[in-house]
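These protein sequence lines are chains L and Y, in that order.
First residue of the first sequence: 1, per the working numbering; consecutive thereafter.
First residue of the second sequence: 335, per the working numbering; consecutive thereafter.
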Amino acid sequence: MSKLTKIVALCVLAALLLSLPSFLNPYVTQIVITTITYAMLGLTFAMGLKVGLLRFDVAAWWAVGAYGTALLITKAGWSFWPAALVAGIIAVALGYLVCMLSIPRGMMVFFLVGMVLTMVFYQVFGSLKFFGSWGGISGIPRVTIGSFEFAHKPELYYMGLALLVVILVVYYLLYNSKIGTAWNAIGSSLKLANSVGVDVVKYRTANILIGNFFLALVGAYYISYSGVAAPQTFSFNNSVFVMMYVIVGGINHSLIGPLLGSLIITFIPEYLRAAQEYEPIIRSVFIILIIIFLPNGILGLFDKYINPWFQRSKYCAPFRARVPAESRATEINV
Amino acid sequence: MDVALFFQLLVNGLMSGGMYAMIASGFTLILGVMQIFNMAQGQFYMLGAFATFGVMAGLDLPYPVAILGAVAAMAILGILFHFSIMQWVMKWGFFHSMLVTIAFATIVSQSSLVTFGYDPGFIPPVFPGSWEIGTVTFSRNKVFVIICAIIVMVGLYYFMKTKIGTAMLASAENRDVAGLQGINSQKVFWVTMAVGCALCGIAGALIAPVISSDVNMGNKIFVSAITVVMIGGMGSMSGALLAAFLVGIVESFAYQFVGDLNLVVVFIFMGLVIYFRPGGLFGKPLPIPGN
Chain L
1 MSKLTKIVAL
11 CVLAALLLSL
21 PSFLNPYVTQ
31 IVITTITYAM
41 LGLTFAMGLK
51 VGLLRFDVAA
61 WWAVGAYGTA
71 LLITKAGWSF
81 WPAALVAGII
91 AVALGYLVCM
101 LSIPRGMMVF
111 FLVGMVLTMV
121 FYQVFGSLKF
131 FGSWGGISGI
141 PRVTIGSFEF
151 AHKPELYYMG
161 LALLVVILVV
171 YYLLYNSKIG
181 TAWNAIGSSL
191 KLANSVGVDV
201 VKYRTANILI
211 GNFFLALVGA
221 YYISYSGVAA
231 PQTFSFNNSV
241 FVMMYVIVGG
251 INHSLIGPLL
261 GSLIITFIPE
271 YLRAAQEYEP
281 IIRSVFIILI
291 IIFLPNGILG
301 LFDKYINPWF
311 QRSKYCAPFR
321 ARVPAESRAT
331 EINV
Chain Y
335 MDVALFFQLL
345 VNGLMSGGMY
355 AMIASGFTLI
365 LGVMQIFNMA
375 QGQFYMLGAF
385 ATFGVMAGLD
395 LPYPVAILGA
405 VAAMAILGIL
415 FHFSIMQWVM
425 KWGFFHSMLV
435 TIAFATIVSQ
445 SSLVTFGYDP
455 GFIPPVFPGS
465 WEIGTVTFSR
475 NKVFVIICAI
485 IVMVGLYYFM
495 KTKIGTAMLA
505 SAENRDVAGL
515 QGINSQKVFW
525 VTMAVGCALC
535 GIAGALIAPV
545 ISSDVNMGNK
555 IFVSAITVVM
565 IGGMGSMSGA
575 LLAAFLVGIV
585 ESFAYQFVGD
595 LNLVVVFIFM
605 GLVIYFRPGG
615 LFGKPLPIPG
625 N
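The structure is reproduced here in C-alpha cells:
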C-alpha cells in the first residue's frame with residue numbers, strides 16, 4: 001500500500017472511531033467500552049503468546065491495577081492519574097517476584113502458577129476486610145483533568161480509545177524493535193534462540209513485566225467507568241474469556257486478532273439476551289466449532305483465502321502490501 | 335491445640351488428600367500421555383458425585399452399585415468426549431486443546447446448573463457414627479473414604495504395570511517411537527481418557543456421602559489438584575500421591591487458623607517447593623510440552 005492510501009485509510013478510521021458515540025445510544029456505548037477493555041487485555045495476552053508463554057494471570061494483574069488504584073484514591077486520597085501509575089508499578093514489582101520463581105522453570109510452571117495466582121488474588125480480595133471483602137470497594141469519584149470531568153459514556157469511551165491507541169502503538173514499536181526480534185526468535189524456537197545467545201529468561205521476564213504494567217493501567221481504566229472494584233469481576237473466568245478472544249481473532253496476528261475477537265465475542269451474546277442461562281453453552285459450542293474448523297481464528301481464514309487472491313489479482317496491485325513472511329505454524333513452539 | 339482437634343484435622347486433610355490424589359493422578363496421566371491440559375477434570379468429579387446421588391436417590395439402589403454406575407458413566411463420558419471433540423483438536427497443539435476442554439467444562443457446568451439448579455444434593459452417610467479412642471473421634475465414613483482412596487491408588491499402580499499401562503507410559507515417553515514399536519496410539523488415547531475420567535468419577539462417588547454435592551464443587555477442587563500436580567512434579571504419579579496428602583493436610587490445618595485464606599498458605603508452600611525442587615518432590619517427571 002502506498003503511503004498516501006495508508007494515511008487516508010487511517011484518517012477515515014480515526015474519523016469513524018471518534019464520531020462513534022454520536023450515533024450510538026449509551027447502552028451500546030457501554031458495550032463498546034467493555035469491548036475495548038477486553039481488547040486491551042487480549043493484546044497483552046497475545047504479547048505473552050509471542051514468547052511462548054500462556055498467561056492465565058491476566059485477571060490477577062488486572063485486579064491488582066484496579067484494587068491498587070481504588071485503594072490509593074479512597075484510602076490515601078490521591079488523584080486518579082498518579083494512583084494508576086503507582087498501581088502499575090506495584091503490579092510490575094509483584095510480577096517480578098512471581099517471574100523470578102516461575103519463568104526459569106519453563107512455560108508449564110509459569111502457566112500453572114498464573115492460574116493458582118488468579119485464584120489466590122480472588123480469594124484474598126474477597127475475604128480480607130481491608131479490600132472491602134466480597135462487596136468490593138465502591139464510591140470511587142469520577143476521573144478529572146483540571147476542571148474537565150469524565151462523567152458520561154462518550155468521554156469514557158474516548159479515554160479508553162486513547163489508552164487502546166497508546167497500547168497499540170507501544171506494542172507495535174516493541175514488536176518492530178530489537179526486543180521484538182528476540183521475542184519472535186523465542187516464540188519460533190526456544191532451543192534455537194537459546195543456542196544463538198538470546199537470554200530467554202530475561203526477555204520473557206521483560207515481556208511479562210511490560211504486560212503487567214499495561215494490565216494494571218487497564219484495571220485503573222476499568223474502575224474509572226464502573227466505579228467499583230469487586231472480586232467477582234476478576235475471577236478465573238475472565239482470564240479464560242481473554243484467551244477465547246485471542247484465539248477467535250487469530251493467534252498469528254498479535255495486534256488485530258484480539259481486537260477482532262473481542263468485538264465478535266462481546267457482540268454476539270448481546271443478541272442472545274433472551275436465553276440468559278443458555279448463553280454460556282452457546283458461546284462454548286461456538287468456541288469449540290471455531291477451534292475445530294478454524295484453528296487459526298477468523299484472521300486465519302483471511303490469510304488462507306483472501307490474502308493469496310489479493311496478492312495475485314492485478315486489480316489489487318496498487319493496494320498490495322509487502323508479501324508477509326510465511327505465517328507462523330499453528331502450533332505454538334515452546 | 336488439643337489432641338482431638340489435631341486428629342480431626344488430620345483425618346479431614348487425609349480425606350481431601352485422597353480426593354486430590356485421584357483427581358491429580360487422572361489429570362497428570364492425561365497431561366503426560368495425551369499432552370492435553372484437561373480443565374474439565376473438576377467437572378467430571380462433580381458429575382461423578384451427582385451420578386452417585388442420582389443412582390441412590392432416584393433409582394433406590396445400594397451404594398456399591400452407585401459407585402460402579404458413576405465410574406462407568408464417567409469412563410463412557412470421557413470416551414465420548416475424546417471421540418467427539420478431543421480427537422479433532424489434539425493435532426492443533428497444547429493451547430487449542432486446553433481451550434476446548436475449558437469450553438467443554440463450561441458446557442457441562444452450565445447444563446448441570448440448568449438441570450439440577452443450585453440445590454445441594456444430600457445422600458445419607460454409608461457408615462454412620464464414629465469410632466472413639468479416648469477423647470479422639472474418627473468419623474467412620476471419612477476413614478472409609480481414605481481407605482478406598484488408597485485402594486484405588488494401589489489399583490492404579492498395578493494397572494500401570496499391565497500391558498496397556500506400559501503402552502501408556504511408553505506413549506508418554508515418546509509418542510513416535512512408541513508408534514514404531516507397534517503401539518496403537520489411538521487406542522492408548524481413548525483408554526487414557528477413560529481412566530483419567532473414571533478416577534474423577536470414583537472421587538466424586540466417594541465424596542458424595544460425606545459432603546453435600548453442588549454444581550460448583552468441581553472448580554474449587556481443581557485448583558487444589560493443580561497445586562498437587564505442581565508439587566508432585568508434572569507427570570509423576572508417585573509424586574502426585576505424596577503431594578496430594580501433603581497438600582490436603584496443609585490445607586486442612588491452614589483452614590483452622592486462617593479460614594478462607596488457606597489457599598494462600600498452599601500457594602506459598604507450592605512456591606517453596608518449586609523454588610527448591612523444580613522437578614517436583616521426586617525429581618524425574620514425564621516429558622511435558624514446554625519443559
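Glycine included, each C-beta is placed from N, C-alpha and C at the ideal position.
Given the structure is predicted, the values throughout are model-derived calculations rather than measurements.
**Request:** Measure the CB-CB distance between Gly126(L) and Ile90(L) and report whether it falls below 8 Å.
**Result:** no
**Asked** Met568(Y) touches chain L at which residues, Cβ-Cβ below 7 Å?
**Response** Met108
**Asked** Between the segment 219–244 of chain L and chain Y, which residues of the former have a C-beta closer than 8 Å to a C-beta of the latter?
**Response** Phe236, Val240, Met243 and Met244
**Prompt:** What residues in the segment 436–451 of chain Y have a beta carbon less than 8 Å from any beta carbon of chain L?
**Reply:** Ile436, Ala437, Phe438, Thr440, Ile441, Gln444, Ser445, Leu447 and Val448
**Request:** Using a cut-off of 8 Å between C-beta atoms, extract the partners of Ser127(L) located in chain Y.
**Result:** Gly593, Asp594 and Leu595
**In DSSP terms, what Phe472(Y) is bridged to** = Trp465(Y)
**Request:** Out of Arg283(L), Leu18(L) and Gly65(L), state which residue places its alpha-carbon closest to the alpha-carbon of Ala162(L).
**Result:** Leu18(L)
**Asked** Any beta-carbon of chain L closer than 8 Å to the one on Met368(Y)?
**Response** no
**Message:** Quick check: Trp62(L) and Gly95(L), are their CB atoms within less than 8 Å of each other?
**Reply:** no
**Item:** Proximity below 8 Å, CB of Gly146(L) to CB of Tyr221(L)
**Value:** no
**Item:** CA nearest to the CA of Leu117(L), picked from Phe131(L), Gly106(L) and Ser102(L)
**Value:** Ser102(L)
**Item:** Cβ-based burial, Trp465(Y) [other Cβ within 10 Å; buried from 16]
**Value:** exposed
**Asked** Taking Cβ to Cβ, would you say Asn346(Y) is nearer than 8 Å to Gly530(Y)?
**Response** no
**Message:** What does DSSP give as the partner residue(s) for Thr144(L) in the beta ladder?
**Reply:** Glu149(L)
**Message:** I want to see whether chain Y comes within less than 8 Å of Pro269(L), judged by CB atoms only; does it?
**Reply:** no
**Asked** Is the shortest distance between the beta-carbon of Arg312(L) and the beta-carbons of chain Y less than 8 Å?
**Response** no
**Item:** Option in Leu215(L), Tyr171(L) and Ser79(L) with minimal Cα separation from Gly65(L)
**Value:** Leu215(L)
**Asked** From Glu331(L) to Val423(Y), what does the alpha carbon distance come to, in whole angstroms?
**Response** Annotation note: pLDDT 44 at Glu331(L) (below 50); position unreliable, no value reported.
**Message:** Is the beta carbon of Gly382(Y) closer than 8 Å to that of Gly535(Y)?
**Reply:** yes
**Request:** Starting from Phe524(Y), find everything on chain L with Cβ-Cβ shorter than 8 Å and list it in chain order.
**Result:** Reading off the sequence, residue 524(Y) comes out as Trp, not Phe. Near Trp524(Y) there are no residues of chain L at all, since even the closest Cβ is about 18 Å away, more than 8 Å.
**Asked** Just curious, the alpha helix (DSSP H) that Ile137(L) is in, first and last residue?
**Response** Run containing Ile137(L): none; DSSP gives neither H nor E here.
**Request:** Could you check the C-alpha separation between Val143(L) and Ala93(L) for me, to the nearest Å?
**Result:** 25 Å
**Item:** Ser547(Y), DSSP secondary structure in three states
**Value:** strand
**Asked** Quick one: Cα of Leu626(Y) to Cα of Val240(L), how far?
**Response** For chain Y, the structure presents residues 335 to 625; residue 626(Y) sits outside this window and is missing.
**Prompt:** Where Ala182(L) and Phe384(Y) are concerned, what is the direct C-alpha to C-alpha distance, given to the nearest angstrom?
**Reply:** 50 Å
**Request:** Classify Tyr171(L) as buried or exposed, calling it buried when 16 or more other Cβ atoms lie within 10 Å of its own Cβ.
**Result:** buried
**Message:** Across the segment 596–612 of chain Y and the segment 558–565 of chain Y, are there enough close Cβ pairs to call them in contact, namely three or more that are closer than 8 Å?
**Reply:** yes
**Proximal residues, the segment 292–313 of chain L versus chain Y, C-beta separation under 7 Å** = Ile292 and Pro295
**Message:** Does chain Y have any CB closer than 8 Å to the CB of Thr330(L)?
**Reply:** Low local confidence applies: a pLDDT of 44 at Thr330(L) is under 50, so the model's placement there is unreliable, and no value is given.
**contact_flag[the segment 192–200 of chain L, the segment 29–41 of chain L] where n(CB pairs < 8 Å) is 3 or more** = no
**Asked** Alpha carbon to alpha carbon, what distance is there between Asn296(L) and Glu326(L)?
**Response** Because the pLDDT at Glu326(L) is just 48, under 50, the model does not fix this residue reliably, and the point stays unresolved.
**Asked** Does the beta carbon of Met604(Y) sit closer than 8 Å to a beta carbon anywhere in chain L?
**Response** yes
**Request:** List the residues that DSSP assigns as beta-bridge partners of Ala229(L).
**Result:** Ile137(L)
**Message:** Need the endpoints of the alpha helix (DSSP H) that Val13(L) sits in, please.
**Reply:** One detail in the question is off: residue 13(L) reads as Leu in this sequence, not Val. Start and end: Lys3 to Leu18.
**Item:** Integer-rounded CB distance, given that Lys50(L) should sit under 8 Å from Asn252(L)
**Value:** Going by Cβ atoms, the distance from Asn252(L) to Lys50(L) rounds to 10 Å, so no, they are not a contact pair.
**Prompt:** Is the beta carbon of Leu595(Y) sitting closer than 8 Å to the one on Gln123(L)?
**Reply:** yes
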